[in-house]
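Residue numbers (the working numbering), protein chains in the order written: chain A, 7 to 207; chain B, 7 to 207. The C-beta atom is built at its ideal place from N, Cα and C for all residues, glycine as well.
There are 2 protein chains.
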Amino acid sequence: MMESISTEEKIIRAADKIFTQKGYAATRTREIAEEAGTNLALLNYYFGSKEKLFRNVVREKLKMLLSAMGPIASDENIPIDQKIKMISENYTQLLLENEDLPLFILNEWSVNKKLFADLIRETRQHAEPVIEKQLRESGVAISVEDLIVNTLGMIMFPFIAKPMILSSGLVQKDQFAMFVEKRKEKIPEWIKKITVKQEPL
Amino acid sequence: MMESISTEEKIIRAADKIFTQKGYAATRTREIAEEAGTNLALLNYYFGSKEKLFRNVVREKLKMLLSAMGPIASDENIPIDQKIKMISENYTQLLLENEDLPLFILNEWSVNKKLFADLIRETRQHAEPVIEKQLRESGVAISVEDLIVNTLGMIMFPFIAKPMILSSGLVQKDQFAMFVEKRKEKIPEWIKKITVKQEPL
DNA sequence: GTCTATAAGGGGATAGAC
DNA sequence: GTCTATCCCCTTATAGAC
């Protein structure tokens, strides 16, 4: 049997789509209602206000973004090489299916730091000490901060800068997915080279 | 003598500040006018509309972002190692003085691709073939696309993800400038390691 | 729960005095 | 060139019928 989707769920999905594409400020509640196949009044009936609906969407999206990394990074039993590999694969896959996700989150975060401060408190991760310890033990030449920023940057930046990359002709539109699929494999190798102590002679 | 600033210039500076912080959609023309110490009518007197004023600001900001890279990258007489070093230094310096710049440009770009398509036509760079040639001659193991995306990502990502980086406690607020200053020196070394052909045994 | 109609206010833009 | 007052549309939110 086809599970029929509740109106509430329809609104959530529509809000998800429109907010993620356009951001909070540019989004019109009427457009969400229309996308959901309903009307403005229902939106307020279920969620109270535009802002409450937005918080609802952001909470899920943020969880999505963090959960692709946190649980892996903070697991003491996975060696660091393996972590990078898993995160590179998980994230790339996630972002291929949610291309607007990183820019949406990072942009709204910079505009509304209060909101995210609240949400982050709910979803704290504790990966840093674990990685710190693993790095010390393997004796590599990089700090935790640089390792994390480089890894996430390599994975996320192509999606964030996608319009610029396409516009410059650096990558063709229909080649973009292939481009990041290939990077997915290369990133762990690059990170390994970076963290290695000795220069090759 | 103090050069007094024209009203037009005051409005441009205010628009620059507010648009860059909040983005187009969240910006109120009244707020720009207030920031400029004048009123809404003057804004329209000088620039015609919110959108025209925005285009004015974006054009300058985009030029700023591209000119920190383009002229260096497309110069055939600078060896590739040296280019990376210069771009890393120039960009980091520029972004330290304009922290909102990359997120602003990339976000507005993704929201309004038409606008940027127009602007890009005015400021075309031709770095890619030059770098392609230099890479081929030096026989390194990386594509132009990956080299450029990795370099720009390493430089820009910390600024784009700054709120997340601070919120996670990965870097302290008052240590952020130091963090990117240090990266500025490390990035060319990292890129060199990545582009090297042989794995160290 | 769902809809139509409408309230209440904010937003960009302009008229017209100075 | 600059300002105040005002227009008018668009937006969010709600009242109230069904």
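Query                                                                                                                                                           : Result
Compare the beta carbon distance of B/Glu-37 and B/Ile-24 with 8 Å and say whether it is the shorter of the two.                                                : yes
Throw me the rounded Cβ distance for the B/Thr-26 and B/Asp-106 pair, which I believe falls under 8 Å.                                                          : 5 Å
Run through DSSP, which three-state label would A/Pro-206 get?                                                                                                  : Residue placement at A/Pro-206 is flagged as unreliable, the pLDDT there being 48, under the threshold of 50; the coordinate-derived value follows with that caveat. A/Pro-206: coil per DSSP, three-state reduction.
Considering only their Cβ atoms, is the gap separating A/Leu-49 from A/Ile-17 smaller than 8 Å?                                                                 : yes
Which residues in the same chain have their Cβ closer than 7 Å to the Cβ of B/Lys-190, if we skip the five residues on either side of it in sequence?           : Ser-94, Glu-95 and Thr-98
B/Ile-86 versus chain A: which residues are under 8 Å apart at the beta carbon?                                                                                 : What B/Ile-86 touches in chain A: nothing, since even the nearest Cβ is about 16 Å away.
Counting beta carbon pairs with one atom in the segment 79-89 of chain B and one in the segment 132-144 of chain B, are three or more of them shorter than 8 Å? : yes
Using a Cβ cut-off of 8 Å, pull out every chain A residue sitting near B/Phe-185, in sequence order please.                                                     : Glu-151
Consult DSSP for B/Val-150 and reduce its assignment to one of helix, strand or coil.                                                                           : helix
If you check the beta carbons only, do A/Ala-31 and B/Ala-42 fall under 8 Å apart?                                                                              : no
Would you tell me roughly how many angstroms separate the C-alpha atoms of A/Pro-206 and B/Leu-158, rounded to the nearest one?                                 : Residue confidence is low: A/Pro-206 scores 48 on pLDDT, short of 50, so the model does not pin down where it sits. Its coordinate-derived value is still stated next. Distance between the alpha carbons of A/Pro-206 and B/Leu-158: 25 Å.
What's the gap between the Cα of B/Ile-11 and the Cα of B/Arg-19?                                                                                               : 10 Å
Helix, strand or coil for B/Pro-85, going by three-state DSSP, please let me know.                                                                              : coil
At least one CB of chain A closer than 8 Å to the CB of B/Val-155: is that the case?                                                                            : yes
Give the interface partners of A/Pro-169 over in chain B, defined as CB-CB distance under 8 Å, in chain order.                                                  : Leu-112, Trp-115, Ser-116, Lys-119 and Phe-122
Measure from the alpha carbon of B/Phe-182 to the alpha carbon of each residue in B/Pro-164, B/Ile-197, B/Pro-194 and B/Lys-192, then state which is nearest.   : B/Pro-164
A/Lys-200 touches chain B at which residues, Cβ-Cβ below 7 Å?                                                                                                   : It should be noted that the sequence gives Ile, not Lys, for residue 200 of chain A. The contacting residues are Trp-196, Lys-199 and Ile-200.
I need the straight-line Cα distance from A/Ile-166 to A/Thr-44, nearest angstrom please.                                                                       : 32 Å
Restricting to Cα atoms, I'd like to know which of A/Thr-201, A/Tyr-51 and A/Ala-21 is closest to A/Ser-149.                                                    : A/Thr-201
By the three-class DSSP mapping on this structure, what secondary structure does B/Tyr-52 have?                                                                 : helix
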